[in-house]
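To convert a position in the sequence shown, counted from 1, into the working numbering, add 646. Let me begin by presenting the structure, written as structure tokens, before commenting on it.
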Amino acid sequence: MKILSKEQIYAADKATEQAEHIPSFNLMERAGGYAYHYLHQRLQNQPVNIKIFCGTGNNGGDGLVIARNLIENGYSVVTYIVNYSESRSTDFLNALSVLKNSTKNWPQLIKSENDFPEIQPEDLIVDCIFGIGLNRPADSWVQKLFNHINESRAYVLAIDVPSGMAIDQLLKDEVVLKPTVVLTFQTPKLVFFLPQGGKHINSWEVLDIGLDRNYLNSVETKAQLIGKAEAKQMYKPRSKFSHKGTYGHSLIIAGSYGKMGAAILSGKAALSSGSGLVTAYTTRQGMPIMQSAAPEIMVVTDRHNGDFLEEIKFDLQPDVIGIGPGLGMAKTTQDALKNFLKQNESQLVLDADALNMLSENNDLLELLPQFSVLTPHPKELERLIGSWSDDFEKLKKAEAFSDKYKCILVLKDAHTIVVFEGKYYVNNTGNPGMATGGSGDVLTGIITGLIAQQYDPLSASIFGVYLHGRAGDIAINHTGYEGLTAGMIVEFLGQAYLDLFAQESEKK
Ligand SMILES: NC(=O)C1=CN([C@@H]2O[C@H](COP(=O)(O)OP(=O)(O)OC[C@H]3O[C@@H](n4cnc5c(N)ncnc54)[C@H](O)[C@@H]3O)[C@@H](O)[C@H]2O)[C@@H](O)CC1
Ligand SMILES: Nc1ncnc2c1ncn2[C@@H]1O[C@H](COP(=O)(O)OP(=O)(O)O)[C@@H](O)[C@H]1O
Ligand SMILES: [K+]
């Protein structure tokens, strides 16, 4: 699903008005009308007290349209206008005059703290104070209103975006009116998926307000949300007359004394993602451990006998190499990595300590083959690209890094974002149960295994992140968040594949 920027949303409005020859107020009527229907379908005329807080821009105008519809249909509504500014948008004024002409239930003005109404926990709050137009922090009395509503514990439906949250920047000392649900117009907003904005959002839904299809189909967005529909299109079906050689050979270079689990998890994940063959390259001591934990995985070891890898040399021609999990940061391993990178020609997926070693020896970055996949978690990313002032700057810096080294950056987080050639692929699977040791090692194995099967590195990264999260989502139905372990993500990978096509087969 495309994620439009603020400028693109305003352009989509304009395109719709032109294509349909309608004034902008019609679009507000439509958006507010659909939002009313959304509420009405759920409320079914229940006698709940609805308090609608409107700003003085178009988000406020939407609120006035929602209020009028609710009042006309017999709901108990109090409408407030939060007077954060003396200026009013034209369509806000249009919506106000239609409301005033059609009902005697007129809005009340809130000009300061003295005007704050009492809010009961059983009230339903509709937040239409600020939408995508917010471009600086709200006045402190308005922020106090946000907190006043937050403290009430009432159900809050935010229209378009939660008030107080800018969609293209992190505002200083941001105070956000915390929504129970965000009903967002036409396109989810990128900020919902970034840690600093997303932490305020439990749940969001897109409301299709019928913006111009031609515009929506043709606009190229920087970001897109990856869900089942997108993942399904990437899937490569298997052919009947295939054999293990058809699905590639993955080499996993991982593990050290006390960290052999990382090699096992990555190797098993590569296998379960479908790689035809998997070999692990690890320390000598790791041989019996690997062989008993995963008989399907072949093992090649360092000829030395230390706790950490001292040499990375093998007589194999893998299609792809996943390197890093559990390697440790020993000087000998750093030298081994350097020597390995100097002569390596295989496609690479780099994670964990391999990334940390690259951060400590920046010149090694120049040795990476084009389209290498790097999968840092936030700390590893910071070591690679330096710190950032907010999530938007983090993305810009990641983009510059990816451009410079022609690599694919997989920014692991609650919503992992794959960054490549100026585009952001935002994952929409996964859950907090996956915040458990080893789940990153599993992701490395999955992406490696997909590249072995001839997924191009970008598709392997996007699809792999999707499958990893989906396997975790299916697994928690059996384990709960706390009970989920990284190994179970591997066990449920097959289910994640099946789930891609589950709906079609159920319909049959
Ligand atoms: N395509 C769509 O998504 C549509 C969007 N509409 C609504 O229009 C909204 C955007 O409306 P606006 O552009 O009027 O913006 P908002 O209603 O979000 O904000 C109101 C205005 O306040 C000013 N402002 C910004 N920060 C401020 C601050 N801290 N203190 C005081 N004033 C501040 C800005 O000039 C801004 O235009 C959307 O969020 C949505 O609710 C609909 O009405 C129609 C279609
Ligand atoms: N709260 C969360 N929601 C969704 N996914 C998560 C969450 N926490 C962690 N993950 C996922 O789990 C993985 C953790 O990776 P990482 O931190 O490298 O773990 P490890 O080093 O233990 O293997 C990443 O893919 C990340 O996206
Ligand atoms: K809002």
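No residue lacks a Cβ here, since even glycine has one placed at the ideal position from N, Cα and C.
Point to revise | CB contact flag (LEU823, ALA804, <8 Å) | key: The sequence position of residue 823 within the sequence shown is 177, counting from 1. The sequence position of residue 804 within the sequence shown is 158, counting from 1. Yes, they are a contact pair.
Practice item. Give, in chain order, every unbroken run of the beta strand (DSSP E) that is at least 3 residues long and sits entirely within the segment 649-732. Key: 695-700, 722-728
Point to revise | Contact under 8 Å by Cβ, SER902 with GLY972 | key: The residue you call residue 902 lines up with position 256 of the sequence shown. The residue you call residue 972 lines up with position 326 of the sequence shown. Contact flag set, yes.
Review point. DSSP three-state call for LYS1153: helix, strand or coil?
Key: Mapped onto the sequence shown, residue 1153 falls at position 507. The pLDDT assigned to LYS1153 is 42, lower than 50, so where the model puts this residue is not dependable; a value taken from the coordinates is nonetheless given after this. LYS1153 falls in the helix class under three-state DSSP.
**Study point:** beta-carbon PHE776 near ligand 1 non-hydrogen atom, thresh 7 Å
**Key:** Numbered from its first residue, the sequence shown carries residue 776 at position 130. Result yes, Cβ under 7 Å from ligand 1.
Check your understanding: Taking 7 Å as the line, does the beta carbon of ALA804 fall inside it for any heavy atom of ligand 3?
Key -> As a first step, residue 804 is located in the sequence shown; it is residue number 158 there, counting from the start. ALA804: yes, Cβ under 7 Å from ligand 3.
**Study point:** Pairwise C-alpha distance: LEU742 and GLY703
**Key:** The sequence position of residue 703 within the sequence shown is 57, counting from 1. The sequence position of residue 742 within the sequence shown is 96, counting from 1. Cα to Cα, the separation comes out at about 11 Å.
Review point. Which class does GLU1137 belong to by DSSP, given the choice of helix, strand or coil?
Key: For this step, residue 1137 is matched to residue 491 along the sequence shown. Three-state DSSP puts GLU1137 in a helix.
Point to revise | Cβ-Cβ distance between LEU853 and ALA658 below 8 Å | key: In the sequence shown, counting from the first residue as 1, residue 853 sits at position 207. In the sequence shown, counting from the first residue as 1, residue 658 sits at position 12. Against a cut-off of 8 Å, the Cβ pair of ALA658 and LEU853 comes out as no contact.
**Study point:** First through last residue of the alpha helix (DSSP H) which encompasses MET647
**Key:** Residue mapping note: residue 647 aligns to position 1 of the sequence shown, counting from 1. Premise fails: MET647 is in no alpha helix (DSSP H) and is neither H nor E.
Point to revise | Sequence-distant residues of the same chain with beta carbon closer than 7 Å to SER1151, five excluded per side | key: Here residue 1151 is taken as the residue at index 505 of the sequence shown, counted from 1. Here SER1151 scores only 49 on pLDDT, less than 50, and its place in the model should not be relied on; the value that follows carries that caveat. Counting only Cβ-Cβ distances below 7 Å, and skipping sequence neighbours, we find nothing.
**Study point:** DSSP-derived helix/strand/coil call for ASP773
**Key:** Counted from its first residue, the sequence shown places residue 773 at position 127. In this structure, ASP773 counts as strand in the three-state DSSP scheme.
Check your understanding: Do three or more CB pairs link the segment 1064-1084 to the segment 859-871 at distances below 8 Å?
Key -> yes
**Study point:** Coil, strand or helix - TRP787 by DSSP
**Key:** Within the sequence shown, residue 787 is the residue found at index 141, counting from 1. Annotated three-state conformation of TRP787 is helix, per DSSP.
Check your understanding: Beta carbon of THR1125: closer than 7 Å to some heavy atom of ligand 2?
Key -> Translated into the one-based positions of the sequence shown, residue 1125 becomes position 479. Result no, Cβ not under 7 Å from ligand 2.
Review point. Does any heavy atom of ligand 2 sit closer than 7 Å to the C-beta of ALA877?
Key: By 1-based counting over the sequence shown, the position of residue 877 is 231. The answer is no for ALA877.
Review point. Considering only the beta carbon of each residue, do ALA1106 and ILE1093 sit closer than 8 Å?
Key: Along the sequence shown, one-based indexing puts residue 1106 at 460. Along the sequence shown, one-based indexing puts residue 1093 at 447. Cβ atoms of ALA1106 and ILE1093: closer than 8 Å.
Review point. Skipping 5 residues on each side, what residues in its chain have a beta carbon closer than 8 Å to that of LYS746?
Key: Here residue 746 corresponds to residue number 100 of the sequence shown, with the count starting at 1. Within the same chain, LYS746 has close Cβ partners TRP752.
Point to revise | Close beta carbons around ASN691, own chain, < 8 Å, minus the five adjacent residues each side | key: As a position in the sequence shown, residue 691 is number 45, starting the count at 1. Closer than 8 Å at the Cβ level, and outside the excluded window around ASN691, lie ASN719, GLY720, TYR721.
Review point. Grouping DSSP H, G and I as helix and E and B as strand, with all else coil, what is ASN781?
Key: As a working mapping, residue 781 is identified with position 135 in the sequence shown. Residue state, collapsed to three classes: coil.
**Study point:** Pair within 8 Å by beta-carbon distance, ILE771 and TYR801
**Key:** The sequence position of residue 771 within the sequence shown is 125, counting from 1. The sequence position of residue 801 within the sequence shown is 155, counting from 1. Yes, the pair counts as a contact, with Cβ atoms nearer than the cut-off.
Check your understanding: Using the C-alpha atoms, what's the distance from ASN951 back to GLY1076?
Key -> Indexing the sequence shown from 1 puts residue 1076 at position 430. Indexing the sequence shown from 1 puts residue 951 at position 305. Cα to Cα, GLY1076 sits roughly 39 Å from ASN951.
**Study point:** Distance CB(MET674)-CB(GLY707) smaller than 8 Å
**Key:** Your numbering for residue 674 matches position 28 in the sequence shown. Your numbering for residue 707 matches position 61 in the sequence shown. Yes, the Cβ-Cβ distance between MET674 and GLY707 is below 8 Å.
Check your understanding: What residue from ASP737, PHE1038, CYS700, HIS846 has the CA that sits closest to LYS757's CA?
Key -> Within the sequence shown, the letter at position 111 stands for residue 757. Selection ASP737, PHE1038, CYS700, HIS846 evaluated against LYS757 yields CYS700 as nearest (Cα-Cα).
**Study point:** Selected residue, minimal CA-CA separation from GLU1006, among ILE935, THR979, HIS794
**Key:** Along the sequence shown, one-based indexing puts residue 1006 at 360. The residue with the shortest Cα to Cα distance from GLU1006 is THR979.
Practice item. Whole angstroms is fine: what's the gap from GLN789's alpha carbon to LYS818's? Key: Here residue 789 refers to the residue found at position 143 when the sequence shown is read from its first residue. Here residue 818 refers to the residue found at position 172 when the sequence shown is read from its first residue. Approximately 12 Å, taken between the alpha carbons.
Review point. With 16 other CB atoms within 10 Å as the buried threshold, where does THR833 fall?
Key: Your numbering for residue 833 matches position 187 in the sequence shown. Burial call: buried.
Practice item. Quick one: residues in its chain with C-beta nearer than 6 Å to the C-beta of PHE1017, no 5 flanking neighbours on either side, listed in chain order? Key: Taking the sequence shown and counting its residues from 1, the one referred to as residue 1017 is at position 371. Excluding residues within five positions, the ones whose Cβ falls inside 6 Å are PRO1103.
Point to revise | When SER992, GLU991, LEU1010 are compared against ALA1000, the one with the closest alpha-carbon | key: One-based indexing of the sequence shown puts residue 1000 at position 354. Considering only alpha carbons, the answer is LEU1010.
Exercise for review: Let me know if LYS1153 comes out buried or exposed under the rule of 16 or more other beta-carbons within 10 Å of its beta-carbon.
Suggested key: Your numbering for residue 1153 matches position 507 in the sequence shown. Note that LYS1153 scores 42 on pLDDT, short of 50, meaning its location in the model is unreliable; the coordinates nonetheless yield the value given after this. So LYS1153 ends up on the exposed side.
Point to revise | Through-space distance from THR929 to LEU996, alpha-carbon basis | key: Counting from 1 along the sequence shown, the entry for residue 996 is found at position 350. Counting from 1 along the sequence shown, the entry for residue 929 is found at position 283. Cα to Cα, LEU996 sits roughly 18 Å from THR929.
**Study point:** heavy atom of ligand 2 below 7 Å from HIS846 C-beta
**Key:** For the purposes of this step, residue 846 is taken as the residue at position 200 of the sequence shown. Not under cutoff, so the answer is no.
Check your understanding: Short check: CB of TYR730 to CB of ASP785, under 8 Å?
Key -> As a working note, residue 730 is residue 84 in the sequence shown. As a working note, residue 785 is residue 139 in the sequence shown. Contact: yes.
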